[in-house]
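Heads up, the sequence shown is in the working numbering, so the first residue is 3 and it goes up one at a time.
Note that beta-carbon positions come from the ideal geometry of N, C-alpha and C, so glycine has one too.
The structure displayed is predicted, hence computed values, not measured ones.
One structure is given below, encoded as structure tokens.
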Amino acid sequence: MAHQDDDLLFVGAEVQRLIRARCFAGTVYLTAGDAGRPFTGDDSYILRREQGLRSAYALMAGVPSHWRRADLTVRGRSLVSFVLNGRPGVRLVFLRLPDGFSRGVGSPQYSQQSLLKLFRGQIASMRPVDGTRSFTAANLTSVLSEVLTLRNAERVLTLDYDSATFGVGPPHPADHSDHEMAGRIFRRAAFGSPARPTVTPYIGYGLPLLPPNLTARQQRDKKAAYYAYAAYAGCITLPCSSRFTLSRSFRLWMEREHRRLHRQPRPGETLSVIGRTPARTAVEHCLTRSVGQATDDTVKTQDCAGSRDQR
């Protein structure tokens, strides 16, 4: 995941299903979700977000929120990690890289660093907010690949790696830059793991553009886990209100959970653009021949409609 609530908001129902089935559930968070705030003391916003997650995962597992610190040593690095005492198959790992903000500009607090800039090669490395060793893009991918290998991961649930529009979401077809980069980075990491786990991307901010699909119970459980998290991290400054009200976007997210799926090309079709999140579930474009004069035929992309000009 990119931030410490992305799983609860966008993959929560599937995570709860896996935990209830007593599957190993290990979640890795790339950024600190710092919102440009300093990493300070035990009461920092960053650490409260991590504490809120521990509370949420304990609730999903149905055991008390008692955790032990069990850092992972991977390629000479020590990764901050916690294991749930009552369910040792539940583990959370925090890399604490700086929040890149929705468009990938980063914050002055952390020298404008972002996953988007790292992925594009605009910066050579990123330093975690807790001051530990920096990651290059290659370091980051190799460390995550090793984590997947160490944990014998069979599936990687991540965020939408096909979206290519950065921003704040509906009414615009955009997603947070950290979400999109996390999806791409985890996919690269999965490709680099000998086990080659399957990778499933989930829609992020664009969810309200797609229809509700969770049952009443799934919505209730998803909200309960998020409220457990928000009791610690639902506000920037303490104390957080005990009467937490979800905004409209959050309410819509709670009703939905969609994987990024693509249909297979039909005979003769060539799929083109796939990085859109429009107000319908189909996101593909197909190459389309516009027939003009014999010497002036052009090819462009349009919604896949199965027409003769697309074959």
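Residue i, DSSP secondary structure in three states
i      : result
ALA27  : strand
TYR229 : helix
VAL131 : coil
GLY91  : strand
LEU212 : coil
SER147 : helix
TYR163 : coil
GLN317 : Nothing can be reported for residue 317: it is not among the residues displayed for the chain, which extend from 3 to 313.
SER83  : strand
ARG265 : coil
PHE193 : helix
VAL76  : strand
PHE168 : strand
LEU117 : helix
PHE137 : strand
Neighbour-count burial assignment, residue i, 16 or more Cβ in a 10 Å radius
i      : result
LEU159 : buried
LEU2   : Outside the shown range of the chain, which is 3 to 313, sits residue 2, and nothing can be said about it.
LYS119 : buried
PHE193 : exposed
GLN124 : exposed
ALA126 : exposed
ALA58  : buried
THR300 : exposed
ASP311 : exposed
GLN18  : buried
SER244 : exposed
ALA232 : buried
GLN6   : buried
PRO241 : exposed
SER83  : buried
THR29  : buried
Nearest neighbour of residue i, chosen from the options [CA to CA]
i      : options                       : result
SER144 : GLY78, GLU286, PRO241         : GLY78
ILE205 : ASP132, ARG98, LEU254         : LEU254
ARG56  : SER46, LEU211, VAL95          : VAL95
LEU146 : PRO214, ARG268, SER83, PHE188 : PHE188
LEU74  : SER67, VAL149, ALA140         : VAL149
TYR207 : SER309, GLN111, GLY171, GLN6  : GLY171
ASP132 : GLN111, ASN141, ASP8          : GLN111
LEU86  : ARG24, PRO40, MET128          : ARG24
GLY270 : PRO241, HIS264, ALA307        : ALA307
LYS225 : LEU209, PHE252, THR202        : PHE252
Cβ-Cβ distance between residue i and residue j below 9 Å
i      : j      : result
GLY106 : SER113 : no
PRO196 : THR134 : no
THR42  : LEU99  : no
SER179 : PHE103 : yes
GLU286 : ASN215 : no
SER109 : ASP36  : yes
ALA4   : LEU161 : yes
ALA15  : ASP177 : no
ALA218 : LEU10  : no
MET256 : GLN221 : yes
Check: residue i C-beta below 8 Å from any heavy atom of the ligand FMN
i      : result
LEU289 : Because no ligand of any kind appears in the structure shown, any question about the ligand FMN cannot be addressed here.
Sequence-distant residues of the same chain with beta carbon closer than 7 Å to residue i, five excluded per side
i      : result
ILE21  : ALA27, MET62, ALA63, VAL92
GLN53  : TYR234
LEU212 : ILE205, ARG258, HIS260, THR283
PRO66  : ALA60, GLY88
ALA191 : THR143, LEU146, SER147, LEU150
ARG265 : GLU286
Nonlocal neighbours in the same chain, by C-beta distance under 8 Å from residue i, ignoring five residues either side
i      : result
GLU156 : ALA197, PRO199, THR200
VAL76  : VAL145, GLU148, VAL149, LEU152
PHE121 : ALA139, MET183, ARG186, ILE187
SER292 : ASP299, THR300, VAL301, LYS302, ASP311
Cutoff 6 Å; reference residue i; Cβ partners in own chain excluding five residues on either side
i     : result
HIS68 : ASN87
Chain B contact for residue i (CB, 9 Å cutoff)
i      : result
THR272 : Absent here is chain B; the protein component of the structure consists of one chain.
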